[in-house]
Amino acid sequence: MNKTGFGVIGAGIVGGSLHAHVYHYLPQAELVAVCDLDEARAREVAERYAAPQAYTDYRELLALPEIAAVSIATPDFAHREIAVAAAEAGLHILVEKPLATTVEDAEAIVQAADAAGVKLMVDFQNRVNPAFMAARVAVQNGELGALKYIYARLSNTTFVPTQMLSWASRSSALWFLASHTVDMACWLLQDKPKRVYAVSRSGVLQDMGIDTQDFHVAIVEFERGAVVTLENSWILPETEPNVFNLKMELLGDDGVMYINTSDNRMVEKYTRADFSLPDTLGLTPNADSARLGGFVLEAIARFVDAVVDDAPVLATGEEAALVTRVLAAIEVSAHSGQPVELD
């Protein structure tokens, strides 16, 4: 089998453990190179997944003729320069969510990909999360009637901003987490937001040396009348059983659906050698399967399908740019105390 070459730019938790993993193990893909500003980390990930090249300068990776596509798994705010350069190099692009943290950056990435004629996918992994796929089917089949209201909570414990993300002060729970739930709302409603109202508060994280907001709460009105409430926090206590808390309620005029993916796991097994549990955490690796297990890995594998087999991307750049516009409007509303209209 001829393999397609992939590169990973950003070898931290997501790039180094997830993107590199998929490109190494999927039989139609080959991990050619890994890039990270931390040379030791780039080399360690490259060695772990048998990639022949490791770099600290992404431009060197983009110049490799054997690479057809790249994953960009750099921090939230550091996507534009690399994505535009990848597009100009003629490479297909998978960008971690959010696409960008400014509307200008998001639009520049989309325009660069369009101009170059390359595929641009954003890793909105919950589109292949079994819980939300079930919700999408229920909505499409009309089981709930017309959706009127969505409540979505996605929050993290303080572990994420204080220990997991060295760059937390340059992002927030809004950008890091609401990017998922705004995309879910648009995807489930098949509608566009028209107005946002939001509040945020700060202080807890600032006292910990992290200069960002503790939480955002937002109300988003959609064009056909549905209302979505978003709750995103980075200050849940670390005594919580999981690092994240994800819940959603879908209310239609004929029914309601409740989703709880963070602490409602009915069957779990842990041994010293292995573990098994329902695919609610996104990572359920199955060494005996040709396809990788877990929706987080499956989302990245969908990018391989798009590059190798010309399958549709999981989430387009235009869809992700809309999410960025909504999140930017939420920030403005939270700062001003006024509702913000979306174009």
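Under numbering that gives the first Met the number 0, the first residue of the sequence shown carries the number 0, and numbering increases by one thereafter. We treat Cβ as the ideally placed atom computed from N, Cα and C, and that holds for glycine. On a predicted model such as this, the values are computed, not experimentally measured, just so you know.
The distance from the Cβ of residue 66 to that of residue 6 is about 5 Å, consistent with a contact at the 8 Å cut-off.
Under DSSP, the beta-bridge partners assigned to residue 250 are 148 and 255. Minimum Cα-Cα distance from residue 103 among the listed residues 45, 319 and 335 corresponds to 319. Taken in chain order, the whole beta strand (DSSP E) runs of length 3 or more contained in the stretch 167-242 are 192-200, 214-221 and 226-232.
As summarised for the stretch 104-148, the continuous beta strand (DSSP E) elements at least 3 residues long and confined to that stretch are 119-121, given in chain order.
Secondary structure at residue 31: strand, using DSSP grouped into helix, strand and coil. Here residue 155 is bridged, per DSSP, to 243.
Under the three-state reduction of DSSP, residue 312 is assigned to coil, being neither helix nor strand. In the three-state DSSP reduction, residue 162 falls in the helix class (H, G or I).
Per DSSP, residue 99 lies in no alpha helix (DSSP H) segment and is marked neither H nor E.
Between residue 336 and the set 197, 55 and 136, the nearest pair of CA atoms involves 197.
Beta-bridge annotation (DSSP): residue 66 is not paired with any residue. A check of alpha carbon separations from residue 329 across 77, 213, 195 and 235 identifies 195 as the nearest. A straight-line Cα-Cα distance of about 24 Å links residue 79 and residue 191. Straight across, the Cα-Cα distance linking residue 203 with residue 182 is about 28 Å. Counted as a single uninterrupted DSSP element, the beta strand (DSSP E) harbouring residue 53 occupies residues 52-54. Contact annotation: the stretch 293-309 touches the stretch 13-21, with at least three C-beta pairs closer than 8 Å.
The alpha-carbon of residue 220 is positioned some 17 Å away from that of residue 247.
In the structure shown, residue 5 falls within a strand segment according to DSSP collapsed to helix, strand and coil.
By the Cβ neighbour-count rule, residue 233 is buried, with 16 or more other Cβ atoms within 10 Å of its own. When the Cα atoms are used, residue 108 and residue 272 turn out to be separated by approximately 43 Å. Per DSSP, residue 93 is one residue of the beta strand (DSSP E) stretching across 91-94. Residue environment for residue 257: exposed (fewer than 16 other C-beta atoms within 10 angstroms of its C-beta). Sequence-distant Cβ neighbours of residue 245 in its own chain, meaning closer than 6 Å and more than five residues away, are 153, 260 and 261. Checking the DSSP bridge columns, you'll see residue 12 has no partner listed. Here residue 161 has 207 and 209 as same chain residues with Cβ atoms under 7 Å from its own Cβ, once five neighbours each way along the sequence are excluded. Nearest C-alpha to residue 326 among 215, 304 and 112: 215. In the DSSP assignment, residue 48 falls outside any alpha helix (DSSP H) and carries neither an H nor an E. For residue 85, the enclosing alpha helix (DSSP H) stretches over residues 79-87. Judged by their CB atoms, residue 75 and residue 170 are nearer to each other than the 8 Å cut-off. Under DSSP, residue 339 shares a beta bridge with 195. Within its own chain, the residues whose Cβ lies closer than 7 Å to the Cβ of residue 95, once the five positions on either side in sequence are excluded, are 13, 71, 72 and 122, listed in chain order. Within 10 angstroms of the beta-carbon of residue 312 lie 16 or more other beta-carbons, which makes it buried.
In this structure, the alpha-carbon of residue 98 lies about 22 Å from that of residue 55. The straight-line gap separating the alpha-carbon atoms of residue 186 and residue 135 is approximately 8 Å. Boundaries for residue 72: no alpha helix (DSSP H) harbours it, and the DSSP string shows neither H nor E there.
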